[in-house]
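For the sequence shown, the residue numbers in the working numbering are 4 to 131.
Beta carbons: idealized from backbone N, C-alpha and C, even for Gly.
The structure displayed is predicted, hence computed values, not measured ones.
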Amino acid sequence: MECIILAGGLGTRLSGVVNDVPKCMAPVAGEPFLAHVLQYLERQFVDSVIFSLGYKSEVVIDYLRTKAYTFKSAWVLEKEPMGTGGGIKRALMKSRDKEVFILNGDTMFDVDLRAMKAAFDPKYKAML
(Lines of atoms letter the chains of each structure in order from A and count residues from 1; the text may use other names and numbers.)
(Lines give C-alpha, C1' and ligand atoms only; values in the text may rest on other atoms or scores of the structure.)
Protein backbone atom coordinates (compact mmCIF):
# COMPACT_ATOMS: atom_id res chain seq x y z
CA MET A 1 0.00 0.00 0.00
CA GLU A 2 1.15 3.47 -0.79
CA CYS A 3 0.18 6.77 0.85
CA ILE A 4 0.62 10.39 -0.02
CA ILE A 5 0.86 12.73 2.95
CA LEU A 6 -0.01 16.35 2.29
CA ALA A 7 2.22 18.46 4.51
CA GLY A 8 2.91 21.62 2.54
CA GLY A 9 0.50 24.18 3.99
CA LEU A 10 1.42 27.38 5.77
CA GLY A 11 -0.37 26.47 8.96
CA THR A 12 -1.96 29.88 9.41
CA ARG A 13 -4.59 28.56 11.85
CA LEU A 14 -1.82 27.40 14.20
CA SER A 15 0.39 30.46 13.78
CA GLY A 16 -0.06 31.45 17.42
CA VAL A 17 0.99 27.98 18.59
CA VAL A 18 3.76 26.93 16.20
CA ASN A 19 5.48 29.63 14.19
CA ASP A 20 8.77 27.94 13.39
CA VAL A 21 7.64 24.54 12.05
CA PRO A 22 5.00 23.18 9.66
CA LYS A 23 1.70 22.11 11.24
CA CYS A 24 2.56 18.42 10.96
CA MET A 25 5.62 19.03 13.13
CA ALA A 26 3.68 20.62 16.01
CA PRO A 27 4.60 18.80 19.23
CA VAL A 28 2.03 16.34 20.59
CA ALA A 29 2.86 14.11 23.58
CA GLY A 30 6.56 14.82 23.21
CA GLU A 31 6.82 14.05 19.48
CA PRO A 32 5.95 15.83 16.26
CA PHE A 33 2.35 15.15 15.25
CA LEU A 34 3.71 13.57 12.07
CA ALA A 35 5.44 10.87 14.15
CA HIS A 36 2.04 9.67 15.38
CA VAL A 37 0.69 9.57 11.81
CA LEU A 38 3.73 7.60 10.60
CA GLN A 39 3.52 5.12 13.48
CA TYR A 40 -0.12 4.55 12.53
CA LEU A 41 0.91 3.90 8.89
CA GLU A 42 3.48 1.34 10.04
CA ARG A 43 0.76 -0.49 11.97
CA GLN A 44 -1.32 -0.46 8.78
CA PHE A 45 1.49 -2.17 6.81
CA VAL A 46 1.97 0.73 4.41
CA ASP A 47 5.08 0.08 2.33
CA SER A 48 5.61 3.47 0.68
CA VAL A 49 4.90 7.08 1.66
CA ILE A 50 5.29 10.12 -0.56
CA PHE A 51 5.34 13.45 1.25
CA SER A 52 4.03 16.53 -0.55
CA LEU A 53 5.97 19.34 1.10
CA GLY A 54 6.07 23.09 0.83
CA TYR A 55 6.35 25.52 3.72
CA LYS A 56 9.49 24.82 5.77
CA SER A 57 9.94 21.50 4.00
CA GLU A 58 13.50 21.20 5.32
CA VAL A 59 12.14 20.70 8.85
CA VAL A 60 10.16 17.64 7.75
CA ILE A 61 12.98 16.29 5.57
CA ASP A 62 15.53 16.65 8.37
CA TYR A 63 13.17 14.81 10.72
CA LEU A 64 12.56 11.98 8.23
CA ARG A 65 16.29 11.52 7.68
CA THR A 66 16.78 10.83 11.39
CA LYS A 67 14.11 8.13 11.63
CA ALA A 68 13.95 4.52 10.47
CA TYR A 69 10.48 3.45 9.40
CA THR A 70 9.40 0.15 7.86
CA PHE A 71 8.20 1.89 4.69
CA LYS A 72 10.10 3.57 1.88
CA SER A 73 9.73 7.32 1.76
CA ALA A 74 10.14 10.02 -0.86
CA TRP A 75 9.02 13.60 -1.16
CA VAL A 76 8.05 16.20 -3.69
CA LEU A 77 8.49 19.92 -3.09
CA GLU A 78 6.26 22.86 -3.95
CA LYS A 79 8.44 25.89 -4.61
CA GLU A 80 5.29 27.98 -4.89
CA PRO A 81 2.04 27.01 -3.13
CA MET A 82 0.00 24.86 -5.52
CA GLY A 83 -2.96 24.09 -3.27
CA THR A 84 -4.22 20.66 -2.32
CA GLY A 85 -4.85 19.53 -5.90
CA GLY A 86 -1.42 20.64 -7.08
CA GLY A 87 0.31 18.84 -4.24
CA ILE A 88 -1.62 15.65 -4.96
CA LYS A 89 -0.92 15.86 -8.70
CA ARG A 90 2.81 16.29 -8.19
CA ALA A 91 2.98 13.44 -5.66
CA LEU A 92 0.99 11.12 -7.94
CA MET A 93 3.67 11.58 -10.62
CA LYS A 94 6.11 9.94 -8.20
CA SER A 95 3.70 7.17 -7.19
CA ARG A 96 4.30 3.56 -8.20
CA ASP A 97 0.80 2.30 -7.41
CA LYS A 98 -2.46 2.75 -9.27
CA GLU A 99 -4.29 3.04 -5.96
CA VAL A 100 -3.01 5.31 -3.19
CA PHE A 101 -4.33 6.69 0.06
CA ILE A 102 -4.11 10.45 0.42
CA LEU A 103 -3.80 11.78 3.97
CA ASN A 104 -3.33 15.16 5.56
CA GLY A 105 -0.18 15.34 7.64
CA ASP A 106 -2.00 17.24 10.36
CA THR A 107 -4.97 14.88 10.77
CA MET A 108 -5.22 11.66 12.73
CA PHE A 109 -7.82 8.92 12.38
CA ASP A 110 -8.12 5.23 13.15
CA VAL A 111 -9.24 3.30 10.08
CA ASP A 112 -8.20 -0.15 8.89
CA LEU A 113 -6.62 0.80 5.56
CA ARG A 114 -6.39 -2.81 4.34
CA ALA A 115 -10.12 -3.31 4.93
CA MET A 116 -10.83 0.00 3.22
CA LYS A 117 -8.73 -1.00 0.22
CA ALA A 118 -10.48 -4.39 0.05
CA ALA A 119 -13.85 -2.61 0.00
CA PHE A 120 -12.82 -0.36 -2.89
CA ASP A 121 -14.80 -1.05 -6.06
CA PRO A 122 -12.49 -0.47 -9.06
CA LYS A 123 -15.39 0.65 -11.25
CA TYR A 124 -15.27 3.92 -9.30
CA LYS A 125 -12.39 6.34 -9.61
CA ALA A 126 -12.15 7.36 -5.95
CA MET A 127 -13.19 6.51 -2.43
CA LEU A 128 -13.73 9.09 0.29
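Less than 8 Å divides the Cβ of G90 from the Cβ of E81.
By the 16-neighbour rule on beta-carbons within 10 angstroms, F54 is buried.
The criterion of a C-beta distance shorter than 8 Å is satisfied by V63 and L37.
With 16 or more other CB atoms across the displayed protein chains lying within 10 angstroms of its CB, F104 is buried.
Between the region 59-78 and the region 115-126, the count of Cβ pairs shorter than 8 Å is below three; the stretches do not touch. Taking the Cα positions, D113 is about 12 Å away from Q42. Straight through space, the alpha carbons of I8 and K59 are spaced by roughly 15 Å.
Annotated as proximal: A77 and K97, with beta-carbon spacing under 8 Å. Rounded to the nearest angstrom, the gap between the Cα atoms of G57 and P84 is 7 Å. For the alpha helix (DSSP H) assignment, the uninterrupted runs of no fewer than 4 residues enclosed by the region 11-90 are, from N- to C-terminal side, 36-46, 60-68.
Following the DSSP letters along the chain, one finds A121 inside the alpha helix (DSSP H) bounded by residues 116-122.
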